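Numbering (the UniProt record's numbering), first residue to last: 1 to 853. Glycine included, each C-beta is placed from N, C-alpha and C at the ideal position. Model, not experiment: these values are computed from the prediction. Right, one structure below, let's go through it.
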Amino acid sequence: MHIKPTTLSSSINNNALDVDNLIVTRKGGGSIIDHRPLFSGDGETLYVIWKHTVRAYSTQTGDFVQEFEGVDHRISGIVLHPDGFDTVIGCTDNGQLNFWSCQTGIITKKLNLHFTAKDHAKIKTFHIVRYKNAIGTEVSQVLVTYLTQCNNKVYILLFDLQDGKCCKTAYIFTRSPKYYVDIIGNYGDNLVAVLHDTDLHILNPARNLLDKLHKTGKTGRIPTCIAGHPEEECVATGDSTGRVVLWRSLFQTRPYTAVYHWHTLPVTEIAFSKTGAHMYTGGGECVLVKWTIGNPQDKSFLPRLPAPIKHLTIAPDNLYVAVSTLDNGIVVVNPQKKLTSVIQNLTWGIALSSKDLFPAGLVVDPHTNSLVLNSRTGHVQFYSTHTKSLLYNINITAQNFITQERTVNILNTEVTKIALNHDGTWMATVEERDDKISAAEVRLKFWIFDLTKQVFALNTSVELPHEVGVNALQFQPNTLFRDDNPLVVTTGKDKKFKLWSLTESTSVGKKTRHWNCYGTGDYHDLPATDAAFSVDGSLLGIGFDSTLSIWEPDMCTLKCSLTHSQYSHTIMRIEFGKQEACNLIVVASDEHIAVWNILSLSIMWSVPLNVVKLTADPKSIYMAAFTADNTLYVFNPQSSAPIYVKKSIVESGSNVLGAVFVPRLQDKINSSYKLWQKKSQLYFIDSNQELLTLESESEVEDALEIFNRSQNTSVSPFTNFVASKTVSSKEENVTPIQEPFTISEKGKAEELLNVAAHTLPPMRMLCGNFIMALLAQPTSKDQSSNNKFLGLDDLDDETFDEDEDDDKDLKSIKREPSPITTKMDVDESDIRLTHHNWSFLMTILPDEETIEQ
Numbered sequence: 001m002h003i004k005p006t007t008l009s010s011s012i013n014n015n016a017l018d019v020d021n022l023i024v025t026r027k028g029g030g031s032i033i034d035h036r037p038l039f040s041g042d043g044e045t046l047y048v049i050w051k052h053t054v055r056a057y058s059t060q061t062g063d064f065v066q067e068f069e070g071v072d073h074r075i076s077g078i079v080l081h082p083d084g085f086d087t088v089i090g091c092t093d094n095g096q097l098n099f100w101s102c103q104t105g106i107i108t109k110k111l112n113l114h115f116t117a118k119d120h121a122k123i124k125t126f127h128i129v130r131y132k133n134a135i136g137t138e139v140s141q142v143l144v145t146y147l148t149q150c151n152n153k154v155y156i157l158l159f160d161l162q163d164g165k166c167c168k169t170a171y172i173f174t175r176s177p178k179y180y181v182d183i184i185g186n187y188g189d190n191l192v193a194v195l196h197d198t199d200l201h202i203l204n205p206a207r208n209l210l211d212k213l214h215k216t217g218k219t220g221r222i223p224t225c226i227a228g229h230p231e232e233e234c235v236a237t238g239d240s241t242g243r244v245v246l247w248r249s250l251f252q253t254r255p256y257t258a259v260y261h262w263h264t265l266p267v268t269e270i271a272f273s274k275t276g277a278h279m280y281t282g283g284g285e286c287v288l289v290k291w292t293i294g295n296p297q298d299k300s301f302l303p304r305l306p307a308p309i310k311h312l313t314i315a316p317d318n319l320y321v322a323v324s325t326l327d328n329g330i331v332v333v334n335p336q337k338k339l340t341s342v343i344q345n346l347t348w349g350i351a352l353s354s355k356d357l358f359p360a361g362l363v364v365d366p367h368t369n370s371l372v373l374n375s376r377t378g379h380v381q382f383y384s385t386h387t388k389s390l391l392y393n394i395n396i397t398a399q400n401f402i403t404q405e406r407t408v409n410i411l412n413t414e415v416t417k418i419a420l421n422h423d424g425t426w427m428a429t430v431e432e433r434d435d436k437i438s439a440a441e442v443r444l445k446f447w448i449f450d451l452t453k454q455v456f457a458l459n460t461s462v463e464l465p466h467e468v469g470v471n472a473l474q475f476q477p478n479t480l481f482r483d484d485n486p487l488v489v490t491t492g493k494d495k496k497f498k499l500w501s502l503t504e505s506t507s508v509g510k511k512t513r514h515w516n517c518y519g520t521g522d523y524h525d526l527p528a529t530d531a532a533f534s535v536d537g538s539l540l541g542i543g544f545d546s547t548l549s550i551w552e553p554d555m556c557t558l559k560c561s562l563t564h565s566q567y568s569h570t571i572m573r574i575e576f577g578k579q580e581a582c583n584l585i586v587v588a589s590d591e592h593i594a595v596w597n598i599l600s601l602s603i604m605w606s607v608p609l610n611v612v613k614l615t616a617d618p619k620s621i622y623m624a625a626f627t628a629d630n631t632l633y634v635f636n637p638q639s640s641a642p643i644y645v646k647k648s649i650v651e652s653g654s655n656v657l658g659a660v661f662v663p664r665l666q667d668k669i670n671s672s673y674k675l676w677q678k679k680s681q682l683y684f685i686d687s688n689q690e691l692l693t694l695e696s697e698s699e700v701e702d703a704l705e706i707f708n709r710s711q712n713t714s715v716s717p718f719t720n721f722v723a724s725k726t727v728s729s730k731e732e733n734v735t736p737i738q739e740p741f742t743i744s745e746k747g748k749a750e751e752l753l754n755v756a757a758h759t760l761p762p763m764r765m766l767c768g769n770f771i772m773a774l775l776a777q778p779t780s781k782d783q784s785s786n787n788k789f790l791g792l793d794d795l796d797d798e799t800f801d802e803d804e805d806d807d808k809d810l811k812s813i814k815r816e817p818s819p820i821t822t823k824m825d826v827d828e829s830d831i832r833l834t835h836h837n838w839s840f841l842m843t844i845l846p847d848e849e850t851i852e853q
């Protein structure tokens, strides 16, 4: 049956279409290196800007401490309050000052900077300057800069820190949109340094922003960064040739200069120690250089950093140096250049364009239920969406990162394809490098999960599995006949596909298993594109240009080929239907989506659509398609009418680079969840390197409520677990028996067990209370003889839904009795402890005397 082509968008008003009450939320990723981080006054906490919010991390361990209350606009910079008060001040790009309490993370004050009506400012830099006014009183003012819309002026403005009124204004003509600003001096009599083109401007806030101009040199030496000296009238500038120039006596006609030159690539950042005796510099060489100001020949190095340096920040009293690197991480070292901690969000690779950031897309690891995606160059990372944490990185290429050269772009070998089998015991990767000068590098590697070491170990490496490159990589789904002998298919730019399987060989009397190619195929010399297995693994679909070919994988024989004269566009993605749609195949190109019925060998329906990403839910019938105009369509392959549409799924100027459905740990049976979201959750990543998902308004509100509740309690996970109420000594007498604490949910126990040991009291003080916490107190006289075991509190209320079918399913569960349990009441959905259970627990509880010891 052939259905007349329609457009998915034309069905938006269809009654079957879900009402759009879903909100795009960020679950990870995003840049933590766009701005310099900020140390607390004691240097033990590092504050990091994360788009619309500020996050606090422990300097010693790198652990996340707390997230500050968010704002509505991007934050352009943060500073400590000049008068202390344990407050962080942040400025948004629209000119709003937010005062955060470092203890609670709550915004205690908001102040809008008053621009003139004609200003359409998007603030780029934010500082606090201090100087003495005409009567000798020290004042603190807000310094912000922004670029005009025509990019020909840089405005420098001073605002009163108390009422936000504009005090002084200056502007500088510029020929390029890049400029750099820093403050000279830490305490009083600050100067402002602005670097752009080949001009260095020194402005004095105490003298109405009086400007002194200096020329930095030749036009070929493009300025790249600036840093003000903390104690002297001195500033350091970096340029594209790797030089650092120190300028002294800035208001003289010809200031004194000194050159510090080690870098070969452009200097990206300069920072002075707090006394100004030393200077730190960094660039594309992935090396931190420490200079002695008085002796340019005296320098030391910290090499082999994970990626090129983006920012440098020095802690008070020179306790630490925070090095922000382009892999979206922050390395904290001490002045002796010894590693203290690493703060890492989703790890980034170093790519020449945003489209090359995640060439392998998003893949789910069935073993950990985590996302697998590209990491720093040559690596892949495993990221848990449930705990929002980076599990680990794997070095796939085992090659050193090669830094760039001044005039040549150096390409590093990158992972371009990732696939895992049904239980996560095997992983296949493809790595490629082609600089169009030397011979292309293409490797197919197979990794086996070592259960003992809990890591992936390399099993087989194949050089040039396909000439030039690989287009697709897929494992065969689990089958009854191939549980121990999985299959893998690859398609290549050599117009062929290949099938790979495990074989045994004997070497030195020992049997080993490795992968080899047992079959290959092509079709009319057409380019091979994507490949996919049917849900039972019995069929294999290969795209050859605009033709869909169906193969029998075990024998590598062609069963049929499907081509429609009306749709001659190259097939980019293939997905087999699941469950009741297992007889359908969805193919997508940059012009259309078409669905074939492999039983009738006919096209079911087709719609014109510029698809960039297509993914299928492994647990249900639904699929999701992302288009070039950033629209999401969720659909059932059995119908051309979408069940959900959301436009502008990512912000303007960004695009979706990868998408995948992640199975939920427990199906959602609450009616507030959409049908296509009950078994899996859709995650996608954009060119801003942010991991996003769609959540209902109720989920977002619940997360906000949890956040607000956490802001009003102590940060310690132990206190969150134990503290419920404080009993006054003036209250009525209570029994001398220690009252056990209760656990509200499983997550609280996990939080307690996963925190750093230094944040907890001695373990001898926890053992008794923790086990007692598993015992609930009687809620009524009728239940006084029973002690309820709360280990099932993590179950959702929906588990005990009044739905009749659900009750039948629940009551049909059979449990084997425990050796220490004499009674189990499954109908009441709990487990009750008898006298024998209580006696057993009391034997493992330490007595009061032992605890006191």
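Check                                                                                                                                                                        : Outcome
Which one of V144, Y180, R175 has the shortest CA to CA distance from C167?                                                                                                  : V144
Go ahead and pull the three-state DSSP assignment for E580.                                                                                                                  : helix
Are E231 and R248 close, meaning C-beta to C-beta below 8 Å?                                                                                                                 : no
Identify the continuous beta strand (DSSP E) that holds A322 and give its terminal residues.                                                                                 : 321–325
Judging by CA-CA distance, which residue of G185, D525, G228 is the nearest neighbour of L200?                                                                               : G228
So, for E697: in the same chain, excluding its five sequence neighbours on each side, which residues have a beta-carbon less than 7 Å away from its beta-carbon?             : N21, I23
Just tell me which of K679, V662, P663, F661 has its CA closest to the CA of I669.                                                                                           : K679
Check N318 in the structure and name its three-state DSSP category.                                                                                                          : helix
Does DSSP put P205 in a helix, in a strand, or in coil?                                                                                                                      : helix
Can you give me the Cβ contacts of T87 inside the same chain, cut-off strictly under 6 Å, excluding the 5 residues immediately before and after it?                          : H81, F99
Out of A419, V342, P335, G519, which has the shortest C-alpha to C-alpha gap to V372?                                                                                        : A419
Kindly indicate which three-state DSSP category E233 falls into: helix, strand or coil?                                                                                      : coil
Once the 5 residues before and after T693 are set aside, which same chain residues still bring their CB inside 7 Å of it?                                                    : T25, K27, Q681, L682, Y683
Suppose you measure from the CA of F661 to the CA of D617; what does that come to, to the nearest Å?                                                                         : 5 Å
Could you tell me which residues DSSP pairs with G30 in its beta bridges?                                                                                                    : G30 pairs with nothing; no bridge assigned.
Does E695 pass the burial test, meaning 16 or more other C-beta atoms within 10 Å, or should it be called exposed?                                                           : buried
Can you give me the Cβ contacts of V535 inside the same chain, cut-off strictly under 7 Å, excluding the 5 residues immediately before and after it?                         : P477, F576, K578, C582
For the beta strand (DSSP E) that contains T368, what are its first and last residues?                                                                                       : From DSSP, T368 is part of no beta strand (DSSP E); its letter is neither H nor E.
Can at least three beta-carbon pairs, one atom from the region 207–218 and one from the region 242–259, be found at a separation below 8 Å?                                  : yes
In angstroms, rounded to a whole number, what distance separates the CA positions of E651 and C556?                                                                          : 45 Å
Check whether the region 460–475 touches the region 408–415, counting contact only when three or more Cβ pairs, one atom from each stretch, lie closer than 8 Å.             : no
Does the Cβ of L436 have 16 or more other Cβ atoms within 10 Å, making it buried, or fewer, making it exposed?                                                               : As written in the sequence, residue 436 is Lys, which differs from the Leu given in the question. Its Cβ having fewer than 16 others within 10 Å, K436 is exposed.
Helix, strand or coil: which one does DSSP assign to L691?                                                                                                                   : strand
Which residues share a DSSP beta bridge with M279?                                                                                                                           : F272, W291
Report yes or no: do the region 381–388 and the region 287–302 share at least 3 C-beta pairs separated by less than 8 Å?                                                     : no
What is the DSSP secondary structure of L346, reduced to helix, strand or coil?                                                                                              : coil
For P527, which option in G543, F533, H514 has the closest C-alpha, if you only look at C-alpha atoms?                                                                       : G543
For Y304, count neighbouring C-beta atoms within 10 Å of its own C-beta (all shown protein chains included) and say buried if the count is 16 or more, exposed if not.       : The sequence given here places Arg at residue 304; Tyr does not occur at that position. It counts as exposed.
With distances taken from CA atoms, which of N204, N186, F446, A440 is nearest D317?                                                                                         : N186
Taking 6 Å as the limit between beta carbons, can you name the residues of its chain near P308, skipping five residues before and five after?                                : G284, C286, L326
For F497 and T520, which I take to be in contact (beta-carbon distance under 8 Å), what is that distance rounded to the nearest angstrom?                                    : 7 Å
Going by DSSP, which residues form a beta bridge with K445?                                                                                                                  : T429, S461
Is it the case that the CB of V71 approaches a heavy atom of the ligand GTP more closely than 7 Å?                                                                           : Among the ligands in the structure shown, none appear at all, so the ligand GTP cannot be discussed.
Please list the segments of the beta strand (DSSP E) lying wholly inside the region 391–429, counting only runs of 3 or more residues, in order along the chain.             : 414–420
Count the other C-beta atoms from every protein chain shown that fall within 10 angstroms of the C-beta of L795, then say buried if there are 16 or more, exposed otherwise. : Here L795 scores only 32 on pLDDT, less than 50, and its place in the model should not be relied on; the value that follows carries that caveat. Burial call: exposed.
Could you tell me if S606 is buried or exposed, where buried requires 16 or more neighbouring beta carbons within 10 angstroms of its beta carbon?                           : buried
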